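Plus 3 on top of the position in the sequence shown (first one is 1) and you've got our numbering.
Glycine included, C-beta positions come from ideal geometry on N, C-alpha and C.
It should be emphasised that the depicted structure is a prediction, and the values quoted were computed from it without experimental measurement.
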Amino acid sequence: MRIGPHLIAPNVILAPMAGVTDRPFRQLCRRLGAGLAVSEMTTSDPRLWHTEKSRLRMDHRGEDAPVTVQIAGYDPSMMADAARYNADQGAQIIDLNMGCPAKKVCRVDAGSALLKDAGLVAAICSAVTRAVDVPVTLKIRTGYSRAQRNAVAIARLAEDSGIAALTVHGRTREDQYEGEAEYETIAAVKQAVRIPVIANGDVGSAEQARAVLQATGADAVMVGRGALGNPWVFREIAGFLATGRKPPQPDPAEVGATLLGHLDELHEFYGPGRGLRVARKHIQWYCQDHPGSETLWATVNRVECAQAQRALVAGFFGSGVCARAA
Ligand SMILES: Cc1cc2nc3c(=O)[nH]c(=O)nc-3n(C[C@H](O)[C@H](O)[C@H](O)COP(=O)(O)O)c2cc1C
C-alpha cells in the first residue's frame, strides 16, 4: 500500500492510542513488524503546544519513516496551522482524528463528533491538505450513530478533498467500544473510493487480520488494543499474511527481555518519575497471561523507584514463575 510517496509494508499498522502510542511504543512495534505506527493525537490548539505533554507527543527522534502524527480539533484553520507546525517538526504524514469517541474530544465537537457535519469534515480536509506538502490521511468511524452511518459519503468527500488514505473503525461513535466491529460498511467504503482504505476494529490475531482483509477488500489492517502488551502481534500478522504460517509465539525469555527494554525506553523518554507511572499499565498488559502476575502487579504498583520497578520485572521473568500457562 502507498500513502503518497511512502510504501507501507507490511500492510499492518499500529493504531493511534492516546496514552499508549508514544515514541517508545511506536518504535518497538515498528521493530516487531508494523509497517506504520501512528502517534497519539496531538491538539490543534497552539496554546497547548508548549506543554510537556505536547512536547513529548511531538518528539520523533530516531523514529523510522514515515513519521505519522495525528491531530485532533474542529476548526479548519487551526487544524491547518497544526498540520503545518507538525510537518515542520518532522511529520511525514498527517492523520486527522475523526474517530475518537472520548468525551474530552467530542465535547468540543472534535473526534468522531465531526461525522455529524459533512460540510465541516470537507472544510477541515481541504484546509489541511492545502496547508501541507505531506500526505494527509483521515481516521473515521462508520458514522455518528447507527441511524447516521454515513462513512461512504464522508469517504467520497474526503477523497475529493485530497485525503491520501482513509482508516475506518467498524463502529459508530454511539457504539463507543461496545459490541463487535462490523466490516460491511468498510467494504462499502472500499468500493466507493480509489484511495487506500485501512480496516480497523477488533483485529488482534493473524487469522482475524486475514479475515478482515478478505471481508473488506481493504488495503491494510490497523491494530489497537490487540497490541497492548503484545507488540509481537505485528510479527505474527505480517508473517502470516506473507507466508500463510505464523511465527512462533515469544517465549517468556523474549517477553521479559522485550518488556525490560521497553521499560528502559519509557524511563528515559519520560524521566524516571513519570516513566515509572506510564510503565505500570504496560507491565500489567505484558504479564496478565503469565502465572503469578497478580502478585507481581500488587508489588509493582506500590514501587516508587524506576530501578526497583525494573528489578521486580527482571526477577519475575528470571525466576521462571512466569512460564506461560499451557
Ligand atoms: C487507550 C486508547 C486510546 C485511543 N486513542 C485514540 C486516539 O488518540 N486517536 C484515535 O483516532 N483513536 C484512538 N483510539 C481508537 C483506536 O485507534 C482504534 O480505532 C480502536 O481502539 C479500535 O481498534 P482496536 O479494536 O484494534 O482496538 C484509542 C483507543 C484506545 C483503546
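Can you tell me whether DSSP reads residue i as helix, strand or coil?
{"i": "M44", "result": "strand"}
{"i": "A168", "result": "strand"}
{"i": "K142", "result": "strand"}
{"i": "H63", "result": "coil"}
{"i": "M4", "result": "coil"}
{"i": "N304", "result": "coil"}
Going along the chain, which residues of its own chain have a beta-carbon closer than 7 Å to the beta-carbon of residue i, five neighbours each way excluded?
{"i": "G204", "result": "H172, G173, R174, A184"}
{"i": "A18", "result": "V41, N203, M225, V226, G227"}
{"i": "S57", "result": "T45, T46, L51"}
I need the straight-line Cα distance from residue i to residue j, nearest angstrom please.
{"i": "E66", "j": "I157", "result": "31 Å"}
{"i": "I198", "j": "A130", "result": "19 Å"}
{"i": "A75", "j": "D91", "result": "17 Å"}
{"i": "A314", "j": "Y289", "result": "16 Å"}
{"i": "E297", "j": "Q291", "result": "8 Å"}
{"i": "L318", "j": "D120", "result": "For clarity, residue 318 is Gly in the given sequence; the question names Leu instead. Distance between the alpha carbons of G318 and D120 is about 53 Å."}
{"i": "G264", "j": "R144", "result": "34 Å"}
{"i": "N350", "j": "D98", "result": "Lying before the first or after the last residue shown, residue 350 is absent from the chain, which here runs from 4 to 329."}
{"i": "A214", "j": "S148", "result": "25 Å"}
{"i": "A282", "j": "R87", "result": "32 Å"}
Could you pull out every residue in the same chain whose Cβ sits closer than 6 Å to the Cβ of residue i, ignoring the five residues on either side in sequence?
{"i": "P1", "result": "It is not possible to answer for residue 1, since the shown part of the chain is limited to 4 through 329."}
{"i": "A223", "result": "M4, N14, I16, I201"}
{"i": "A83", "result": "A130, V131, A134"}
Taking a contact to mean a Cβ-Cβ separation below 8 Å, would you say residue i touches residue j in this structure?
{"i": "A153", "j": "L118", "result": "For the record, residue 153 in the displayed sequence is Asn; it is not Ala. Closer than 8 Å, so yes."}
{"i": "E43", "j": "M20", "result": "yes"}
{"i": "T170", "j": "I127", "result": "no"}
{"i": "A94", "j": "S47", "result": "no"}
{"i": "C139", "j": "G165", "result": "Strictly speaking, residue 139 in this sequence is Val, with Cys absent from that position. Going by C-beta atoms, V139 is nearer than 8 Å to G165."}
{"i": "G242", "j": "P250", "result": "yes"}
{"i": "E257", "j": "P27", "result": "no"}
Spatial neighbours of residue i within its chain, please: CB distance less than 8 Å, with the 5 preceding and 5 following residues excluded, ordered by chain position.
{"i": "E162", "result": "L169, V196, R197, I198"}
{"i": "R5", "result": "I11, P199"}
Practice item. Give a yes or no on contact between the segment 39-48 and the segment 65-76, applying the rule of three or more CB pairs nearer than 8 Å. Key: yes
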